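For reference, the structure discussed in these notes is given below.
Protein chains in written order, with my numbering: chain W, 1 to 169; chain Y, 170 to 437.
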């Protein structure tokens, strides 16, 4: 089962134009990880509103008298889901499965996905953005920290890759 | 003149609809590139498939060159575009951890969304992890707050730190991208699977690279910083004229709802 996807240079150029359009219309770039922080905030706010209000970090998403989910990036992330769904649908790539290498079990892969997600969620908050909101957007507008951040992502990933080869190869 | 939202062309409610539209294009492109599949994404770290780097670098270069030309033509006021501030230490550490999370979990935040909607359970679990990770960060915020705001350098560009004008930086980035493409394709051809690597005509690639470098060279000669500086200096003298132009934008420069929207999480 070998899939050849679209040409990465073409996709990259189109993505650059989308990002440019975003800057031109909104004066800001793409992003998504803050949506997950907002979902976390909404969840905590629902269960323990006093605790959420007392925490300085949750509090930044709570003000303004509207739900923490009523935010620009949340709508962008919803849109991304819709766009991804459409693309997967037209290429018949919608299929319930767990992506993993041939040498790892489903359970182990899912635990690693959870752990990797936790690390990414934490890191994205620490660095004020993820691969799209910080690396892609920031590098496109030549922000200094974003360039450093992007190279650190690659450094971190290449440093870890050897130890996880059983997960993917 | 852009950015349209900051000049009051539309309000918060419309901006949310626009967010949905931009998101659809974003997600669509990511899935097209195969970024809903963790093995395709992580193949870059085993030197087999550099699609991640190609997509990212191309997007960055196109956007960067586009922004500078827009600014030269007077289509966008770059000083009104939100520039991500630099907090160098948390960005270095955060980048490193995010990279580890990428290899361990198989995704980065946006690609996990694309993965989950196409039925990948690992993508969905990754999202659950991210929500937990964000909550852990918030719970630990009193402890990490000091580190979180350390190394603040303000909203600085590469051109400010390296003290070179942004046209020259653009040229250097274009050259770097072309060299990187050439290099990773060599590596791919050695380690990758020729059946899944993208086919592409050598001639088209050479032309595209030449156009890219030529655009960079033009920017280096034009020097967008100088033109932007001239433009900001000029309107101050001819106040009445800018007033006439602003008829297009009925509202004042700042949108009404700015207080509720533009907060510190403008990053991802």
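Ideal Cβ positions, reconstructed from N, Cα and C, are used throughout, including at glycine.
Remember, predicted model here, so these are calculated numbers, not experimental data.
Unbroken alpha helix (DSSP H) runs of no fewer than 4 residues, entirely contained in the region 342-395 of chain Y, are found at 371-391, following chain order. For residue 382 of chain Y, the CB contacts under 7 Å within the same chain, skipping 5 residues up- and downstream, are 343, 344, 347 in chain order. Non-local C-beta neighbours of residue 44 of chain W in its own chain, meaning closer than 7 Å and more than five positions away in sequence, comprise 51, 52, 58, ordered along the chain.
One thing to note: residue 273 of chain Y has its Cβ no nearer than 8 Å to the Cβ of residue 154 of chain W. Per DSSP, reduced to three states, the secondary structure at residue 109 of chain W is helical. Inclusion of residue 266 of chain Y and residue 121 of chain W in the CB contact set at 8 Å is not warranted, their separation being larger than that value.
Here residue 222 of chain Y has 213, 349, 353 as same chain residues with Cβ atoms under 8 Å from its own Cβ, once five neighbours each way along the sequence are excluded. With a contact defined as Cβ atoms closer than 8 Å, residue 233 of chain Y and residue 26 of chain W miss out at about 17 Å.
Taking 8 Å as the threshold, the shortest C-beta distance from residue 200 of chain Y to chain W falls below it. By the Cβ test, the region 198-210 of chain Y is in contact with the region 271-285 of chain Y, since at least three Cβ pairs between them sit closer than 8 Å. Nearest in C-alpha terms to residue 138 of chain W, of all of W/22, W/2, W/8, W/86, is W/22. Sorting W/118, W/164, W/7, W/6 by C-alpha distance to the C-alpha of residue 101 of chain W places W/164 at the top.
Taken through DSSP and simplified to helix, strand or coil, residue 162 of chain W comes out as helix. Here the alpha carbon of residue 367 of chain Y sits roughly 40 Å from the alpha carbon of residue 323 of chain Y. According to the DSSP assignment, residue 299 of chain Y belongs to the alpha helix (DSSP H) that extends over 290-308. Assignment of beta-bridge partners to residue 312 of chain Y by DSSP yields no partner.
When secondary structure is reduced to three states using DSSP, residue 323 of chain Y falls in the strand class. When secondary structure is reduced to three states using DSSP, residue 256 of chain Y falls in the strand class. A Cβ of chain W is located within less than 8 Å of the beta carbon of residue 215 of chain Y. Listed in chain order, the positions of the region 376-388 of chain Y with a beta carbon within less than 9 Å of a beta carbon of chain W are 377. With the criterion set as a beta carbon lying under 9 Å from some beta carbon of chain Y, the members of the region 68-83 of chain W are 70, 71, 72, 73, 74, 75, 76, 77, 78, 79, 80, 81, 82, 83, in sequence order. Nearest CB-CB separation between residue 48 of chain W and chain Y: not below the 8 Å threshold. In this structure residue 194 of chain Y is not in contact with residue 245 of chain Y, their Cβ atoms being roughly 19 Å apart against a cut-off of 8 Å. According to the DSSP assignment, residue 240 of chain Y belongs to the alpha helix (DSSP H) that extends over 220-242.
Secondary structure at residue 171 of chain Y: strand, using DSSP grouped into helix, strand and coil. The Cβ of residue 250 of chain Y sits closer than 8 Å to at least one Cβ of chain W. Not a single CB atom of chain W sits nearer than 8 Å to the CB of residue 183 of chain Y. Residue state for residue 266 of chain Y is assigned as helix, using DSSP reduced to three classes. When CB distances to chain Y are screened at a threshold of 9 Å, the residues of the region 82-103 of chain W falling below it are 82, 83, 84, 85, 86, 87, 88, 89, 91, 93, 94, 95, 96, 97, 98, 99, 100, 101, in chain order.
Under the three-state reduction of DSSP output, residue 141 of chain W falls in the coil class, being neither helix nor strand. For residue 200 of chain Y, the uninterrupted alpha helix (DSSP H) run begins and ends at 181-201, by DSSP. For the set Y/356, Y/242, Y/300, Y/294, the Cα lying nearest the Cα of residue 400 of chain Y is the one of Y/242. DSSP places residue 104 of chain W outside both helix and strand once states are collapsed to three, so it counts as coil. Its Cα nearest to that of residue 37 of chain W, the residue Y/300 stands out among Y/300, Y/364, Y/328. Per the Cβ contact rule, the region 63-79 of chain W is in contact with the region 181-193 of chain Y (3 or more Cβ pairs under 8 Å).
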